[in-house]
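There are 2 protein chains.
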Amino acid sequence: MSAPLKITILGCHSATPKTNAYPTSQIVEVRGQLLLIDCGEGTQVRLRENSIKFNQVKHIFISHLHGDHFYGLIGLLSTLSLLNRTTPITIYAPEGAQEILNIQFKYSGTYLSYPLHFVELKSTKSELICDEEKFIVKTIPLEHRVYTNGFLIVEKEGKRKLNLQKVEELKIDKAYFKKIVNGEDVISDDGSLIKNEEVTFPPDPVKSYAYCSDTTYKPDIIPIIKNATALYHESTFLELHKNLCAKTKHSTAKQAASIAKQANVGHLILGHYSARYKNLDDFKAEAQTEFENILLAKSRKTFVF
Amino acid sequence: MSAPLKITILGCHSATPKTNAYPTSQIVEVRGQLLLIDCGEGTQVRLRENSIKFNQVKHIFISHLHGDHFYGLIGLLSTLSLLNRTTPITIYAPEGAQEILNIQFKYSGTYLSYPLHFVELKSTKSELICDEEKFIVKTIPLEHRVYTNGFLIVEKEGKRKLNLQKVEELKIDKAYFKKIVNGEDVISDDGSLIKNEEVTFPPDPVKSYAYCSDTTYKPDIIPIIKNATALYHESTFLELHKNLCAKTKHSTAKQAASIAKQANVGHLILGHYSARYKNLDDFKAEAQTEFENILLAKSRKTFVF
Numbered sequence: 015m016s017a018p019l020k021i022t023i024l025g026c027h028s029a030t031p032k033t034n035a036y037p038t039s040q041i042v043e044v045r046g047q048l049l050l051i052d053c054g055e056g057t058q059v060r061l062r063e064n065s066i067k068f069n070q071v072k073h074i075f076i077s078h079l080h081g082d083h084f085y086g087l088i089g090l091l092s093t094l095s096l097l098n099r100t101t102p103i104t105i106y107a108p109e110g111a112q113e114i115l116n117i118q119f120k121y122s123g124t125y126l127s128y129p130l131h132f133v134e135l136k137s138t139k140s141e142l143i144c145d146e147e148k149f150i151v152k153t154i155p156l157e158h159r160v161y162t163n164g165f166l167i168v169e170k171e172g173k174r175k176l177n178l179q180k181v182e183e184l185k186i187d188k189a190y191f192k193k194i195v196n197g198e199d200v201i202s203d204d205g206s207l208i209k210n211e212e213v214t215f216p217p218d219p220v221k222s223y224a225y226c227s228d229t230t231y232k233p234d235i236i237p238i239i240k241n242a243t244a245l246y247h248e249s250t251f252l253e254l255h256k257n258l259c260a261k262t263k264h265s266t267a268k269q270a271a272s273i274a275k276q277a278n279v280g281h282l283i284l285g286h287y288s289a290r291y292k293n294l295d296d297f298k299a300e301a302q303t304e305f306e307n308i309l310l311a312k313s314r315k316t317f318v319f
Numbered sequence: 015m016s017a018p019l020k021i022t023i024l025g026c027h028s029a030t031p032k033t034n035a036y037p038t039s040q041i042v043e044v045r046g047q048l049l050l051i052d053c054g055e056g057t058q059v060r061l062r063e064n065s066i067k068f069n070q071v072k073h074i075f076i077s078h079l080h081g082d083h084f085y086g087l088i089g090l091l092s093t094l095s096l097l098n099r100t101t102p103i104t105i106y107a108p109e110g111a112q113e114i115l116n117i118q119f120k121y122s123g124t125y126l127s128y129p130l131h132f133v134e135l136k137s138t139k140s141e142l143i144c145d146e147e148k149f150i151v152k153t154i155p156l157e158h159r160v161y162t163n164g165f166l167i168v169e170k171e172g173k174r175k176l177n178l179q180k181v182e183e184l185k186i187d188k189a190y191f192k193k194i195v196n197g198e199d200v201i202s203d204d205g206s207l208i209k210n211e212e213v214t215f216p217p218d219p220v221k222s223y224a225y226c227s228d229t230t231y232k233p234d235i236i237p238i239i240k241n242a243t244a245l246y247h248e249s250t251f252l253e254l255h256k257n258l259c260a261k262t263k264h265s266t267a268k269q270a271a272s273i274a275k276q277a278n279v280g281h282l283i284l285g286h287y288s289a290r291y292k293n294l295d296d297f298k299a300e301a302q303t304e305f306e307n308i309l310l311a312k313s314r315k316t317f318v319f
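Protein chains in written order, with my numbering: chain A, 15 to 319; chain B, 15 to 319.
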């Protein structure tokens, strides 16, 4: 079994934080690494409440600089320094994030205990921004009131897997197993070539996660997120209040589902609910008129794919 | 009875916020007005949890720009704007606060719905910074790792009170009562002058509250806070860890009590506890070796004087 792709919702409500209605932040565990996406006020407390080893986070992705996605970052970075972290952190964020953080470090006399790197996002086209050993991250250009990106996290293909039955049949010595798993062919005892494909299974299919918040309905993201294992797409409103989408540059649950359907994703996770709605099941019902596999984001909930 | 002087503790722990250990913030109700002192991360949620009508706050006092006293301000100001507040707010804070807030408003495209005024604090001497109808606020220069002030809130003397028994005895017509309460003398029916003091009681004694956090032991604040009704003085450490005070520029519970004793205040409220201590009663016990009237700050606790 490959490592699960896990998404833990730390907060999924829009605008102002309240008890039990936290602003946006998520932890994505991909191939064993923890990534933080967005960081609304109070995120560091949410991380503790969810028993997440947040000192392991090396990459932080910020979609845009509205407070409900960003105001918790300065506190989290300060706390990591108070905990004497030494591992570097890279922040992927729009222009302004670095300036805002640095000015606060300056006036508070803060010298971080760890190196902080910035990747300033400014392109309006999808670009590869993070290329790690086991996964990559690309931007998903969104349309909101300020410059905003979603993020597409894609696992890299793993190694082929040993076909134990076959290597036994062919009496291949265990000493070759490592080479085989690394993709090499082997020569059997009788001198014949055994092709790697004969003694291995293909690697697990790669999984991917697309995070899209905040944005209007934007069908041109579909080719970027096509066939994603899971899509988180904001649904601030129901169709009932569709008229508010144009001004605020948000989406309805139905629009999110339409994107999910057209992109043929595995599951759609809805979130970023406006505080005006009491019953979140209405979001699910509305979205299911377009697309079947709907999940509702909820604080403290972990989705595993 | 005069209006009570109320101090509600929203948070009183040092450094990093955790569930049930919130960073510094207090609401002071003086002569019916709400003042906010310091604003650590999550303060807006604490205000809601304490059912405080925070839209009524017109004055916000920031002691210094360390995160545990300041990181919640941007979120609170943004929320007040989302709530369509129109009443102005004045922020009294060290240099840097205005720049930090404005740069975040700029990059988030935020235009506040209300006027935001700044009083930049830079003096190292105590100064009058706020002079309202019913109270004044003065700075208390403190010594910490960055430029820091405490705040002394002093009620203005109220009106003298009508001596109902006396006005009845002297058969003074009700029509004169308002004048009397406003300090005027009256002429009785027989033409004789009745001095105001004869028919009134003195006004209630004025109350005052001194907030001192964060600071080393600094006896030269004593003349400024002399005879205050209540003093909040930080006690980050116990004497056991007194050696940490010099480096971190904090105080022990005993030092706080010594200040309280020398300043002859009515009550000392301790707070800003380091996370290393499990039993807060130790702070009280240590402080009581110097000064009797010790209160322990605790989230959600309101002290009434």
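Even for Gly, the Cβ is constructed at its ideal location relative to N, Cα and C.
Just so it is clear, the structure is predicted and the values come from calculations on it, not from any experiment.
Consider the Cβ of His80(A): report whether some Cβ of chain B lies at a distance smaller than 8 Å. yes
On a Cα-Cα basis, can you pick out the residue from Leu207(A), Ser206(A), Ala277(A) and Glu253(A) that is closest to Tyr287(A)? Glu253(A)
Please report whether the beta-carbon of Tyr85(B) lies at a distance below 8 Å from any beta-carbon of chain A. yes
Could you tell me if Gly110(A) is buried or exposed, where buried requires 16 or more neighbouring beta carbons within 10 angstroms of its beta carbon? buried
Pro237(B) - DSSP class collapsed to helix/strand/coil: helix
Can you name the residues that DSSP bridges to Gly54(B)? In the DSSP output, where bridge partners are listed per residue, Gly54(B) has none listed.
Tell me whether Gln269(A) is buried or exposed, calling it buried when 16 or more other Cβ atoms sit within 10 Å of its Cβ. buried
Helix, strand or coil for Ala224(B) per DSSP? strand
Using a Cβ-Cβ cut-off of less than 7 Å, list which residues of the region 122-139 of chain A approach chain B; keep chain order. Ser122 and Gly123
Note the first and the last residue of the continuous alpha helix (DSSP H) segment covering Leu258(B). Asn257 to Thr262
First and last residue of the uninterrupted alpha helix (DSSP H) at Ser95(B): Leu87 to Leu96
Are three or more beta carbon pairs between the region 167-186 of chain B and the region 114-134 of chain B nearer than 8 Å? no
Determine the direct distance from the alpha carbon of Val213(A) to that of Leu97(A), and round the result to whole angstroms. 48 Å
For the region 102-119 of chain A, enumerate the residues whose C-beta is nearer than 7 Å to any C-beta of chain B, in chain order. Gly110, Glu113, Ile114, Ile117 and Gln118
What span of residues does the beta strand (DSSP E) with Asp145(B) cover, start to end? Leu142 to Asp145
Report the start-end ranges of each alpha helix (DSSP H) in the region 55-79 of chain A that is 4 residues or longer and not cut off at the edges. 57-63
Taking a cut of 7 Å between CB atoms, which residues from the region 44-57 of chain B lie near chain A? Glu55 and Gly56
Nearest residue (CA-CA) to Phe246(B), options Ala224(B), Asp234(B) and His255(B): Here residue 246(B) turns out to be Tyr, not Phe, going by the sequence shown. Of the listed residues, the one whose Cα sits closest to Tyr246(B) is Ala224(B).
On a Cα-Cα basis, can you pick out the residue from Ser65(B), Ser77(B), Pro108(B) and Asp52(B) that is closest to Leu91(B)? Asp52(B)
Does any C-beta atom of chain C lie closer than 8 Å to the C-beta of Thr93(A)? Absent from the structure is chain C; the protein chains it does hold are A and B.
Under 8 Å between C-beta atoms of Ile41(A) and Gly81(B): no
Segment contact, 8 Å Cβ cut-off, at least three pairs: the region 227-235 of chain B with the region 199-212 of chain B: no
Near His281(B), what residues of its chain come up, given a Cβ to Cβ distance below 6 Å and the 5 sequence neighbours on each side ignored? Ala244, Asn307 and Leu309
Can you have a look at Glu211(A) and say buried or exposed, based on whether 16 or more other CB atoms are within 10 angstroms of its CB? exposed
So which residues on chain B does Val160(A) lean against when the C-beta distance must stay under 8 Å? Tyr121, Ser122 and Gly123
Assuming Phe165(B) and Val151(B) make a contact with CB atoms under 8 Å, what is their CB distance in whole Å? 6 Å
Pick out whichever of Phe84(B), Ile143(B), Ser265(B) and Arg45(B) has its Cα sitting closest to the Cα of Gly25(B). Phe84(B)
Which of helix, strand or coil DSSP assigns to Leu294(B): coil
Kindly list the residues whose CB is nearer than 6 Å to the CB of Lys256(A), restricted to its own chain and excluding five residues on each side of it in sequence; keep chain order. Thr266
Short-range partners of chain A found in the region 141-168 of chain B, where Cβ spacing is below 8 Å: Arg159 and Val160
Contact list for Lys32(A) against chain B, beta-carbon separation under 8 Å: Val59 and Arg62
Check each candidate in Gly86(A), Phe75(A) and Gly46(A) and name the one with the smallest Cα separation from Lys67(A). Gly46(A)
Please check if any C-beta of chain B sits within less than 8 Å of the C-beta of Ala277(A). no
Am I right that Phe317(B) and Ile283(B) are in contact with their C-beta atoms under 8 Å? What's the rounded C-beta distance? 6 Å
Which stretch, first to last residue, makes up the beta strand (DSSP E) that contains Glu134(A)? Leu130 to Leu135
Does the beta carbon of Leu96(B) sit closer than 8 Å to a beta carbon anywhere in chain A? yes
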